[in-house]
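Participant: Protein sequences appear in the order of chains A and B. Quick note, the first sequence lines up with residues 120 to 271 if you use our numbering. Quick note, the second sequence lines up with residues 120 to 271 if you use our numbering.
Number of protein chains: 2
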Amino acid sequence: MSAAPTVSPADLEREAQTRLGSVDQRFTRNRRTLVEILSRTGRPLTMPELLEAGPDLAQSSVYRNLVVLEQAGVVRRIVTNDEFSRYELAEDLTGHHHHHLVCTSCGAVEDFTVPEKIESLLDSALRVTADQRGFTVESHRLDLLGRCDACG
Amino acid sequence: MSAAPTVSPADLEREAQTRLGSVDQRFTRNRRTLVEILSRTGRPLTMPELLEAGPDLAQSSVYRNLVVLEQAGVVRRIVTNDEFSRYELAEDLTGHHHHHLVCTSCGAVEDFTVPEKIESLLDSALRVTADQRGFTVESHRLDLLGRCDACG
DNA sequence: ATTTATGCAAATCGTTTGCAAACCT
DNA sequence: AGGTTTGCAAACGATTTGCATAAAT
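1. Taking 8 Å as the threshold (C-beta atoms), are Val193/A and Val154/A in contact?
2. In this structure, how does DSSP classify Val142/B when only helix, strand and coil are distinguished?
3. Who are the neighbours of Ala227/B on chain A, taking C-beta pairs under 8 Å?
4. Scan the segment 249-269 of chain B for residues whose Cβ lies nearer than 8 Å to a Cβ of chain A and list them as they occur along the chain.
5. I want to verify the contact list: residues of chain A whose CB lies under 8 Å from the CB of Thr223/B, in sequence order.
6. When you compare the segment 190-210 of chain A with the segment 231-250 of chain A, are there three or more beta-carbon pairs, one atom per stretch, that lie closer than 8 Å?
7. Could you have a look at Thr298/B and say whether DSSP puts it in helix, strand or coil?
8. Taking Ser204/B as the reference, which of Glu168/B, His217/B and Ala172/B has the closest Cα?
9. How long is the line joining the alpha carbons of Val181/A and Glu202/B, rounded to whole angstroms?
10. Taking Val221/B as part of the beta strand (DSSP E), name the residues at either end of that continuous run.
11. Sorted by chain position, which residues of the same chain lie with C-beta nearer than 8 Å to Leu164/A's C-beta, five sequence neighbours on each side aside?
12. Who are the Cβ neighbours of Leu220/B in its own chain at under 6 Å, not counting the five residues just before and after it?
13. Using CA atoms only, rank isn't needed, just tell me which of Thr213/B, Gln178/B and Asp130/B is closest to Thr160/B.
14. Apply the 10 Å Cβ neighbour rule to Arg150/A and answer buried if 16 or more other Cβ atoms are within range, or exposed otherwise.
15. In the segment 196-207 of chain B, which residues sit with their C-beta less than 8 Å from some C-beta in chain A, listed in chain order?
16. Does any CB atom of chain A fall closer than 8 Å to the CB of Ala244/B?
17. Pro234/A CB to nearest chain B CB: under 8 Å?
18. Identify, in the order they occur along the chain, each residue of the same chain with its Cβ nearer than 7 Å to the Cβ of Ser121/B, setting aside the five sequence neighbours on each side.
19. Measuring CB to CB, does Ala249/A end up less than 8 Å from Gly265/B?
20. Drop a sphere of 10 angstroms on the beta-carbon of Cys225/B, count the other beta-carbons inside from all chains shown, and report buried for 16 or more, exposed for fewer.
21. Does the distance from the CB of Leu170/B to the CB of Leu176/B come in under 8 Å?
22. Can you tell which of Arg246/A, Val247/A, Cys270/A and Arg252/A has its C-alpha closest to the C-alpha of Gly253/B?
23. Assign Val187/A to one of three DSSP states: helix, strand, or coil.
24. Comparing C-alpha positions only, which one of Cys222/A, Gln178/A, Thr223/A and His215/A sits nearest to Pro234/A?
25. Under the three-state reduction of DSSP, which class applies to Ser239/A: helix, strand or coil?
26. Quick one: grab the DSSP three-state call for Arg162/A.
27. At the 8 Å Cβ level, is Gly192/A part of the contact set with chain B, yes or no?
28. For Ala129/A, is the classification buried or exposed, using 16 other Cβ atoms within 10 angstroms of its Cβ as the cut-off for buried?
29. Give a yes or no on whether 8 Å exceeds the smallest Cβ distance from Phe231/A to chain B.
30. Taking the alpha carbon of Asp211/B as the point to measure from, which residue in Glu189/B, Val247/B and Thr223/B has its own alpha carbon closest?
31. Here's the rule: buried if 16 or more other CB atoms are within 10 angstroms of the residue's CB, otherwise exposed. What is Arg133/A?
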């Protein structure tokens, strides 16, 4: 349930730096702050949550920086039926492939993982299906929808 | 790739009728039209697509009716990173459990299924994980993100 | 007749954008 | 300097809502 970083904060910064550079973008103070917040929190955050965690950030800049960070492959945007988008570090940055538990009552989103064996089985099954359709898979998304512990 | 209805149009109408009734809602002309369009098309439709398919429908009424139909369990709303929500018939109405291929380029959404064996394996693995977290599963959602045939 | 659904137009609200000042190198 | 980023305020656009009319029972 913690972020369980398999990547050190320093490595993370360096990798974020690199990825931004490869898209001709700078790793500015505000962007650092965002990466730091997302890293520390270790779960998908909404805009209000980000602004609360970084009170000096201007909302418009956060939106703009999240777009940049997403294009650089540092951040991933998650859309649910909830009113807000959520943002988390790209999973190949944290080395932590996972999925989401989405509460249909309060909108909360948590991470979870499935056993490696199931994951790889699923992965190959999906690839077969996609190929048959001429679909080029970039990633998959597996969410569980239901009621979280708090919402009973 | 077709809708492959395992449920006849008549059965569908009757069931929609029933479900609406159980939430104290009527099966009005406009709602019939929506169900008919979704049934005929057999894939998730956006608001513009719905309005094009039913030129006499008022946009606000469509939005309102989709809410009602969703509450009655007749329709399911799908949110992607695309600008529009999409709507399809609830899968327990069509008897056709499926997932989605989401094109990250054009936003198009197609249905696909995975082998029953994989599906049930996944299902039990998910249930175990959820239980450990005190999470009550209502449904799962498995999307493949990538480039569709047309977008190469 | 009374309740509910409809359609138009206006309001909402998360997100995006224009622009001038601040920042970086 | 020369370019980018920032923050404020205004704009956008998908969805929602108020209200008067039309259906439905």
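C-beta atoms are modelled at their ideal positions from N, C-alpha and C, and glycine is treated no differently.
Facilitator: So, from the data block:
1. yes
2. coil
3. Taking a Cβ-Cβ threshold of 8 Å, none of the residues of chain A is close to Ala227/B; the smallest such distance is about 10 Å.
4. Residues are counted here when their Cβ sits less than 8 Å from a Cβ of chain A; for the segment 249-269 of chain B these are Ala249, Arg252, Gly253, Phe254, Thr255, Val256, Glu257, Ser258, His259, Arg260, Leu261, Asp262, Leu263, Leu264, Gly265, Arg266, Cys267 and Asp268, given in chain order.
5. Glu257
6. no
7. For chain B, the structure presents residues 120 to 271; residue 298/B sits outside this window and is missing.
8. Nearest C-alpha to Ser204/B: Glu168/B.
9. 20 Å
10. His218 to Cys222
11. Only Ile156, Leu157, Ala172, Arg205, Tyr206 and Glu207 meet the Cβ criterion.
12. Glu229, Phe231 and Leu263
13. For the residues Thr213/B, Gln178/B and Asp130/B, the minimum Cα distance to Thr160/B belongs to Thr213/B.
14. Buried, since its Cβ has 16 or more Cβ neighbours within 10 Å.
15. Arg196, Val198, Thr199 and Asn200
16. yes
17. Among the residues facing chain B, Pro234/A is included, as its CB has a counterpart in that chain under 8 Å away.
18. Note that Ser121/B scores 47 on pLDDT, short of 50, meaning its location in the model is unreliable; the coordinates nonetheless yield the value given after this. Contacts found: Gly161.
19. By the CB criterion at 8 Å, Ala249/A and Gly265/B fall inside the cutoff.
20. exposed
21. yes
22. Cys270/A
23. helix
24. His215/A
25. helix
26. coil
27. no
28. Within 10 angstroms of the beta-carbon of Ala129/A lie fewer than 16 other beta-carbons, which makes it exposed.
29. yes
30. For the residues Glu189/B, Val247/B and Thr223/B, the minimum Cα distance to Asp211/B belongs to Glu189/B.
31. exposed
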